[in-house]
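Taking it in order: structure first as structure tokens, then the write-up.
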Amino acid sequence: MPELPEVESIRRRLSRHILGKPILSVETELPRIVRQGELSQMVGLSITSIDRQGKYLVFKTNSLLILYAHLRMTGTFLYFDNAEDRVKDHICARWEFADGELLYRDVRTLGGLWVSVDGVPPWKALGLDPLDKKLTWKEFAGLLSHKKSPIKAVLLDQSVIAGVGNIYACEALFAAQINPRRPADEISEKSYRKLFKELKCILWSAIEASGTTFRDFRLSDGREGGFQNFLKVYGKAGATCPRCAQPIEKVVVAQRSAYFCPNCQK
DNA sequence: CCATTTGTTTTTAC
DNA sequence: TGTAAAAACAAATG
Ligand SMILES: [Zn+2]
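Residue numbers (the working numbering): 1418 to 1683.
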């Protein structure tokens, strides 16, 4: 499930391979995933930069055209040199360069691509990036602490903080020892300070490890990320808590599964 | 066929 | 009017 670290890992790898190369041809194998415009509009252009906004990827080109992408559950971008073997199944779109090929692969096909020529992004509201160097813990606390919803629901709200998904919300709350069901307005400043620190630490560590491979996620070269080996609670219902050895529980918070230690997280 | 998985948008409720 | 909770939605997998 691509969240901020997985999307960032993809962004970094693609940036090393496709910038400035003319797009010779484009094939749309699953038109349904192109939510706006046509990929064929990109033929002849080259990508000048790749940015990330929350979990969206933003491909700017040497024209006004911008390609936006959201990977949802199982989407990923793959890049292969001409000589390399590559996966053949579940490919939704391909961009051909002189020396290689960019692929969008999506097993469950819930992701989306938007071709925009007016500069209007596909998202309605996106909050701040938790890794924004200018963001302070007090600002972070200010954004969350007036909400009455469970803290986990607020962390997942992309209009508040952009990029955190289920895995890293669970892991950050465990590290900060906060119960995912606790209302956001009942959390102390001290706890918010710890949550902000732990969230950033986990996200940076996950980027360092090239993300988490859980079920379908693969890196841009088809290999797995490494952060799943560092997960403490996500997907570990029934396992013993690494902090207190009590069992990890799985509950539903805001229509999402939440994994936590009832003994450590208050 | 159903449960499960996800983030976002839409709808409903307060 | 605004916020919050719930439902809808996309589609494939086991
Ligand atoms: Zn514990």
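For each residue, glycine too, the CB sits at the ideal point set by N, CA and C. On a predicted model such as this, the values are computed, not experimentally measured, just so you know.
query: Taking a cut-off of 6 angstroms, which residues have a beta-carbon closer than that to any heavy atom of ligand 1, in chain order?; result: C1658, R1660, C1661, Q1663, C1678, N1680, C1681
query: I'd like to check one pair, E1513 with E1444: are the Cβ atoms closer than 9 angstroms?; result: yes
query: Hey, could you find the ends of the beta strand (DSSP E) L1488 is sitting in?; result: L1488 -> no beta strand (DSSP E), and no H or E assigned at all.
query: Does the count of Cβ pairs from the segment 1580-1593 and the segment 1602-1619 closer than 8 angstroms reach three?; result: yes
query: On a Cα-Cα basis, can you pick out the residue from W1540, G1544, V1524 that is closest to L1484?; result: W1540
query: Could you give the DSSP three-state label for F1677: helix, strand or coil?; result: strand
query: Judging by CA-CA distance, which residue of F1494, G1517, D1516, N1499 is the nearest neighbour of H1507?; result: F1494
query: Which residue marks the beginning of the alpha helix (DSSP H) containing V1571, and which one marks its end?; result: 1568-1573
query: Find out if the Cβ-Cβ distance for the pair D1516, K1438 is shorter than 9 angstroms.; result: yes
query: Given a cut-off of 9 angstroms, decide if A1579 and G1544 are closer than it, judged by their beta-carbon atoms.; result: yes
query: Mind checking C1658: buried by the 16 CB within 10 Å criterion, or exposed?; result: buried
query: For Q1453 versus S1533, is the C-beta spacing smaller than 9 angstroms?; result: yes
query: By the three-class DSSP mapping on this structure, what secondary structure does W1512 have?; result: strand
query: Classify L1482 as helix, strand or coil using the three-state DSSP reduction.; result: coil
query: How big is the Cα-Cα spacing for H1563 and L1648?; result: 29 angstroms
query: Spatial neighbours of P1518 within its chain, please: C-beta separation below 8 angstroms, excluding the five flanking residues on both sides.; result: For clarity, residue 1518 is Glu in the given sequence; the question names Pro instead. Closer than 8 angstroms at Cβ, skipping near neighbours: Y1496, F1497, N1499, R1503, R1511, W1512.
query: Starting from L1561, follow the alpha helix (DSSP H) in both directions and report where the run begins and ends.; result: 1554-1561
query: Short of 8 angstroms in beta carbon distance, which residues of its chain neighbour Y1585, apart from the five on each side in sequence? Order them along the chain.; result: E1420, L1421, P1422, L1616, I1619, L1620, A1623
query: Ignore the nearest five residues each way along the sequence and tell me which others in K1569's own chain have a CB closer than 7 angstroms to its CB.; result: A1586, L1590, P1597, V1670, A1671, A1675
query: Check R1522 in the structure and name its three-state DSSP category.; result: strand
query: Report the rounded CA-to-CA distance for T1629 versus I1467, giving the unit in angstroms.; result: 21 angstroms
query: At what residues does the alpha helix (DSSP H) containing L1530 begin and finish?; result: Note, L1530: premise wrong, no alpha helix (DSSP H); beta strand (DSSP E) at 1529-1533.
query: At which residues does the alpha helix (DSSP H) containing E1423 begin and terminate?; result: 1421-1434
query: Looking at the structure shown, is I1619 part of a helix, part of a strand, or coil, going by DSSP?; result: helix
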